[in-house]
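This report refers to the structure that appears directly beneath it.
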Ligand SMILES: CC(C)(COP(=O)(O)OP(=O)(O)OC[C@H]1O[C@@H](n2cnc3c(N)ncnc32)[C@H](O)[C@@H]1OP(=O)(O)O)[C@@H](O)C(=O)NCCC(=O)NCCS
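Numbering (my numbering), first residue to last: 25 to 215.
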């Protein structure tokens, strides 16, 4: 691992002022604006570490717990938490600051999996990660754990899909907020 890099080497922050054109119909910032900024900071951070072009493969745990307001200064702090062969997991902490009152709120933390590609679009090996303190080690270990959970969750979901019998399970809808007006001959438009 001659070309290994520290976590600090690729640590990246993007800061952007939330202007009125970013607002939704309720006057708060569109979730899509924040997702786009998160994707940008993940790209910059992962590319710095990989030294190649990277693509976004998956995004975990996007939950906006508090709304972001117009006029707030949003900072997205990204660092590489984990590296595999061609993949990297970038942790992103999003904070929003009210610049009049200097109060800061943590809006969410998410994890972007990025994959490094070479100039021909083939998977590229990423450099190793030098873990310099307990925080770096904790994040790497947690990323491994989340990766493991994600793999088992995926197979449970796939299994649930293939074994789902409608007639056997339809009683589960008894207390749900839906009305069944079933026409077995009718096809969904998007199958
Ligand atoms: C992601 C992609 C490279 C995977 O290709 P593949 O031929 O299936 O390759 P592999 O199965 O060998 O996976 C490559 C790496 O991606 C990781 N990976 C693949 N799918 C993943 C997923 N859903 N979540 C997390 N990691 C994933 C694998 O674990 C592997 O990591 P490693 O090299 O560190 O061990 C391919 O699907 C792709 O190019 N997707 C398009 C991505 C893109 O263009 N994004 C932009 C948005 S439009």
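For each residue, glycine too, the CB sits at the ideal point set by N, CA and C.
**Close-in-space but distant-in-sequence residues of the same chain around residue 161 (CB under 8 angstroms, 5 per side omitted)** = 155
**Request:** Return the chain-ordered list of same chain residues with a C-beta closer than 8 angstroms to the C-beta of residue 135, the five sequence neighbours on each side being excluded.
**Result:** 83, 84, 85, 105, 113, 114, 115, 116, 167 and 170
**Item:** heavy atom of ligand 1 below 6 angstroms from residue 111 C-beta
**Value:** yes
**Message:** For residue 31, report the span of its alpha helix (DSSP H) as first-last.
**Reply:** 31 to 34
**Message:** Considering only their Cβ atoms, is the gap separating residue 81 from residue 131 smaller than 7 angstroms?
**Reply:** no
**Request:** In angstroms with no decimal places, state the Cα-to-Cα distance between residue 67 and residue 165.
**Result:** 22 angstroms
**Prompt:** When DSSP labels each residue in this structure, what does residue 112 get in the three-state scheme?
**Reply:** strand
**Item:** Closer than 6 angstroms: residue 134 CB and nearest ligand 1 heavy atom
**Value:** no
**Item:** Euclidean distance between Cα positions of residue 147 and residue 100
**Value:** 27 angstroms
**Prompt:** With burial defined as no fewer than 16 other Cβ atoms inside 10 Å of the residue's Cβ, what is the status of residue 210: buried or exposed?
**Reply:** exposed
**Prompt:** What are the boundary residues of the alpha helix (DSSP H) that includes residue 165?
**Reply:** 158 to 187
**Prompt:** How far does the alpha helix (DSSP H) with residue 64 in it reach, from first residue to last?
**Reply:** 55 to 74
**Asked** Where does residue 190 fall in DSSP's three states?
**Response** helix
**Request:** May I have the straight-line CA-CA distance separating residue 31 from residue 153, to the nearest angstrom?
**Result:** 7 angstroms
**Prompt:** If you run the structure through DSSP and keep just helix, strand and coil, what is residue 155?
**Reply:** coil
**Prompt:** Is it true that the CB of residue 69 sits closer than 7 angstroms to the CB of residue 39?
**Reply:** no
**Message:** Looking only at its chain, what residues have a beta carbon closer than 6 angstroms to the beta carbon of residue 34, apart from the 5 residues adjacent to it on each side?
**Reply:** 69, 72, 73 and 104
**Asked** Do you know how far the Cα of residue 97 is from the Cα of residue 45?
**Response** 14 angstroms
**Asked** Can you tell me whether residue 29 is buried or exposed, with buried defined as 16 or more other CB within 10 angstroms of its CB?
**Response** buried
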